[in-house]
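Going down the list, the protein sequences come from chains A and B.
The numbering of the first sequence is the numbering used here, which starts it at 7 and goes up by one.
The numbering of the second sequence is the numbering used here, which starts it at 7 and goes up by one.
The structure appears right after this line, and notes come after that.
Protein chains: 2
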Amino acid sequence: MTRVYGSGGTRVVALDDVTVAFPSGSWTAVMGPSGSGKSTLLHIAGGLEKVTSGQVLVDGQDINDASEAELTGLRRTKVGFVFQNFNLLGSLTAEQNVAMPLKLAGRRPSRLEVQAVLTQVGLGDRLSHKPRELSGGQQQRVAIARALVTKPTVLLADEPTGALDSNAARTVLGMLRSMVNDGGQTIAMVTHDPMAAASADQVLFLSDGRVVDDMVRPSA
Amino acid sequence: MTRVYGSGGTRVVALDDVTVAFPSGSWTAVMGPSGSGKSTLLHIAGGLEKVTSGQVLVDGQDINDASEAELTGLRRTKVGFVFQNFNLLGSLTAEQNVAMPLKLAGRRPSRLEVQAVLTQVGLGDRLSHKPRELSGGQQQRVAIARALVTKPTVLLADEPTGALDSNAARTVLGMLRSMVNDGGQTIAMVTHDPMAAASADQVLFLSDGRVVDDMVRPSA
Ligand SMILES: Nc1ncnc2c1ncn2[C@@H]1O[C@H](COP(=O)(O)OP(=O)(O)OP(=O)(O)O)[C@@H](O)[C@H]1O
Ligand SMILES: Nc1ncnc2c1ncn2[C@@H]1O[C@H](COP(=O)(O)OP(=O)(O)OP(=O)(O)O)[C@@H](O)[C@H]1O
Ligand SMILES: [Mg+2]
Ligand SMILES: [Mg+2]
Numbered sequence: 007m008t009r010v011y012g013s014g015g016t017r018v019v020a021l022d023d024v025t026v027a028f029p030s031g032s033w034t035a036v037m038g039p040s041g042s043g044k045s046t047l048l049h050i051a052g053g054l055e056k057v058t059s060g061q062v063l064v065d066g067q068d069i070n071d072a073s074e075a076e077l078t079g080l081r082r083t084k085v086g087f088v089f090q091n092f093n094l095l096g097s098l099t100a101e102q103n104v105a106m107p108l109k110l111a112g113r114r115p116s117r118l119e120v121q122a123v124l125t126q127v128g129l130g131d132r133l134s135h136k137p138r139e140l141s142g143g144q145q146q147r148v149a150i151a152r153a154l155v156t157k158p159t160v161l162l163a164d165e166p167t168g169a170l171d172s173n174a175a176r177t178v179l180g181m182l183r184s185m186v187n188d189g190g191q192t193i194a195m196v197t198h199d200p201m202a203a204a205s206a207d208q209v210l211f212l213s214d215g216r217v218v219d220d221m222v223r224p225s226a
Numbered sequence: 007m008t009r010v011y012g013s014g015g016t017r018v019v020a021l022d023d024v025t026v027a028f029p030s031g032s033w034t035a036v037m038g039p040s041g042s043g044k045s046t047l048l049h050i051a052g053g054l055e056k057v058t059s060g061q062v063l064v065d066g067q068d069i070n071d072a073s074e075a076e077l078t079g080l081r082r083t084k085v086g087f088v089f090q091n092f093n094l095l096g097s098l099t100a101e102q103n104v105a106m107p108l109k110l111a112g113r114r115p116s117r118l119e120v121q122a123v124l125t126q127v128g129l130g131d132r133l134s135h136k137p138r139e140l141s142g143g144q145q146q147r148v149a150i151a152r153a154l155v156t157k158p159t160v161l162l163a164d165e166p167t168g169a170l171d172s173n174a175a176r177t178v179l180g181m182l183r184s185m186v187n188d189g190g191q192t193i194a195m196v197t198h199d200p201m202a203a204a205s206a207d208q209v210l211f212l213s214d215g216r217v218v219d220d221m222v223r224p225s226a
């Protein structure tokens with residue numbers, strides 16, 4: 007697949023004839039320099055952006071031709087997304103932000119379920135705080151809890167430990183690992199942190215919009 | 007100094023009787039778990055927030071009693087700030103965002119000056135891109151360029167390499183080091199990255215709003 011932004015003077019080839027696969031039930035890390043196309047790759051894999059040319063197959067179906075309604079359905083049930091800039095709703099509390107995807111999927115959110123996932127990321131005592139009453143790392147953990155609450159088959163996470171100290175990062179990475187091992191979770195995670203990449207089963211390296219290397223962990 | 011947020015059920019003591027000094031002409035790193043008070047400390051040092059009790063001395067003057075006009079003057083000329091969430095203006099290009107502090111300080115921004123600092127952070131070819139046309143790491147580097155363009159005596163940087171790959175981070179840290187060594191720059195930098203902390207002259211550790219440790223680099 008290829009993804010191009012703009013035209014003329016500000017034309018940028020974000021992804022240049024890239025072919026990658028995120029195997030089901032396994033954890034893939036994506037690394038590469040700033041501006042190399044990592045976020046773009048994740049947005050396309052999650053149906054948030056269209057490709058300029060090429061195919062995007064999810065469970066065998068090409069989602070690039072899917073209708074907006076089909077894509078919304080996909081995003082609400084199959085795919086959980088942790089955005090690089092968190093994308094929390096400023097007027098809602100941590101609890102309401104995490105409950106939102108459940109409401110959007112037409113389910114009645116149970117307080118217990120929402121509180122359980124916030125406690126898992128270490129924020130059980132912050133349910134009623136709004137994003138501006140939380141530190142950067144706390145906001146990021148709310149964003150992680152929100153992506154996991156619908157138990158999506160695929161988790162797409164864009165630098166999910168970027169704002170976390172090493173202890174908080176280890177907690178989050180441990181959670182993800184047990185989801186892969188015990189629950190067959192599929193994960194694609196962008197990261198700049200070698201410790202986070204070391205938790206994955208394979209690592210892809212992007213540079214200037216191309217895949218330049220990949221590594222499989224011996225134990226994977 | 008002490009800083010408390012909220013009251014009753016959501017009362018949080020962000021900083022608890024903290025005494026720290028950021029020596030002039032030297033580089034201090036601040037580390038600590040997510041939610042330990044690092045950003046709050048930086049906001050107070052830069053006159054962006056008031057303390058609940060205690061003093062904040064900049065060049066011998068307690069800025070906690072300063073008027074809004076005095077604080078604005080301080081922020082426009084003496085202090086450069088790199089925010090944890092970048093705080094770029096979405097409707098402006100990279101070049102316009104970087105020129106903004108010069109305009110606010112009443113100076114006519116020279117294109118050459120603005121382009122030079124953007125080139126220094128590796129974005130000489132992105133002058134006319136708006137924040138949403140830039141990757142996370144590129145946006146962070148625009149925020150760094152914007153904080154440096156007025157050549158402030160004190161730079162307060164909140165996880166300035168958080169969204170950068172290790173090469174881009176090394177470039178930024180190298181720039182800051184030569185500003186300290188050659189220009190007598192004073193820097194206070196929050197970071198979770200041990201490589202970034204290793205570039206500083208001393209490191210403070212915060213936990214639950216208190217200073218729990220500090221380390222001075224042998225060569226400092
Ligand atoms: N406006 C606010 N209202 C209420 N609580 C706040 C507010 N701002 C910060 N806090 C709380 O104060 C504490 C310190 O926050 P601060 O942003 O300084 O943390 P931090 O050390 O920078 O964390 P991180 O590494 O996650 O960025 C946190 O527990 C946070 O939830
Ligand atoms: N909407 C857009 N318009 C124009 N260019 C864009 C747009 N979005 C991204 N780009 C460009 O596409 C390239 C890839 O961006 P992407 O966000 O995927 O990078 P990244 O690898 O995630 O970087 P980072 O590590 O800094 O987050 C960058 O050069 C960026 O400037
Ligand atoms: Mg990115
Ligand atoms: Mg912070």
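Using N, Cα and C, we set each Cβ at its ideal position, and we do this for glycine too.
The C-beta of A:Leu-124 comes no closer than 7 Å to any C-beta of chain B. Taking every protein chain shown into account, the CB of A:Ala-122 has fewer than 16 other CB atoms within 10 angstroms, so this residue is exposed.
With respect to the 7 Å criterion, B:Gln-145 and B:Phe-92 are classified as neighbours on the basis of their beta carbons. Contact annotation for B:Gln-90 against chain A: Gly-142, Ala-169 [CB-CB distance below 8 Å, chain order]. Distance from the CA atom of B:Gly-143 to the CA atom of A:Ala-163, rounded to whole angstroms, is 16 Å. The straight-line gap separating the alpha-carbon atoms of A:Thr-16 and B:Asn-103 is approximately 18 Å. When rounded, the separation of the alpha-carbon atoms in A:Ser-141 and A:Met-106 is 21 Å. In this structure, the CA atom of A:Asp-207 is about 20 Å from the CA atom of A:Gly-168. Going by C-alpha positions, B:Leu-210 is about 8 Å away from B:Val-218.
Annotated three-state conformation of B:Asp-22 is coil, per DSSP. The alpha-carbon of B:Thr-25 is positioned some 48 Å away from that of A:Val-222. A distance criterion of 6 Å places the beta-carbon of B:Ser-40 in contact range of ligand 1, judged by its closest non-hydrogen atom. Taken in chain order, the members of the region 34–48 of chain A whose beta-carbon sits within less than 9 Å of a beta-carbon on chain B are Met-37, Gly-38, Pro-39, Ser-40, Gly-41, Ser-42, Gly-43, Lys-44, Ser-45, Thr-46. The beta carbon of B:Met-195 lies closer than 6 Å to those of Ala-35, Ala-163 in the same chain, with the five residues before and after it left out. Counting only runs of 3 or more residues that sit fully inside the region 27–101 of chain A, the beta strand (DSSP E) segments are 33–37, 85–88, in chain order.
Neighbours of A:Ser-134 in chain B, taken as residues at a C-beta separation under 9 Å, are given in chain order as Gly-15, Thr-16. Here DSSP, grouped into helix, strand and coil, assigns A:Val-218 to strand.
Under the DSSP definition of a beta bridge, A:Val-196 partners with A:Val-36, A:Asp-164.
Close to ligand 3, as judged by a C-beta nearer than 7 Å to any of its heavy atoms, are the residues A:Lys-44, A:Ser-45, A:Gln-90, A:Asp-164, A:Glu-165, A:Val-196, B:Ser-141, B:Gly-142, B:Gly-143, in chain order. The beta carbon of B:Ala-51 sits no closer than 7 Å to any beta carbon of chain A. In this structure B:Gln-61 is exposed. Its beta-carbon is surrounded by fewer than 16 other beta-carbon atoms within 10 angstroms. Spatial neighbours of A:Gly-31 in its own chain (CB-CB distance under 8 Å, excluding positions within 5 residues in sequence) are listed in chain order as Val-186, Gly-190, Gln-191, Thr-192. Taking C-alpha positions only, A:Asp-171 is separated from B:Pro-39 by approximately 5 Å. Out of A:Leu-212, A:Asn-173, A:Ala-100, the CA that lies nearest to the CA of A:Ala-151 is found in A:Ala-100. Around the C-beta of A:Met-37, 16 or more other C-beta atoms lie within 10 Å, and the residue is accordingly described as buried. Counting along the chain, A:Gln-208 sits inside the beta strand (DSSP E) bounded by residues 208–213. Per DSSP, the beta bridge partners of A:Thr-8 are A:Ser-59. One alpha carbon belongs to A:Arg-82, the other to A:Leu-110, and they sit about 7 Å apart. Within chain B, no residue has its CB atom less than 8 Å from the CB of A:Asn-93, the nearest being about 12 Å off.
Within chain B, not a single residue places a beta-carbon under 7 Å from that of A:Ser-97; the smallest gap is close to 16 Å. In the three-state reduction of the DSSP assignment, A:Arg-113 falls in the coil class. Going by C-alpha positions, A:Thr-58 is about 29 Å away from A:Leu-94. B:Ser-172 reaches chain A at His-198, counting residues in chain order whose Cβ is nearer than 8 Å.
The shortest C-alpha to C-alpha distance from A:Leu-108 to any of A:Leu-179, A:Val-155, A:Asp-71, A:Asp-214 is the one to A:Val-155. A straight line joining the alpha-carbon of A:Gln-67 with that of B:Arg-113 spans about 57 Å. When distances are taken from the beta-carbon of A:Gly-15 to the heavy atoms of ligand 1, even the shortest one reaches 6 Å or more.
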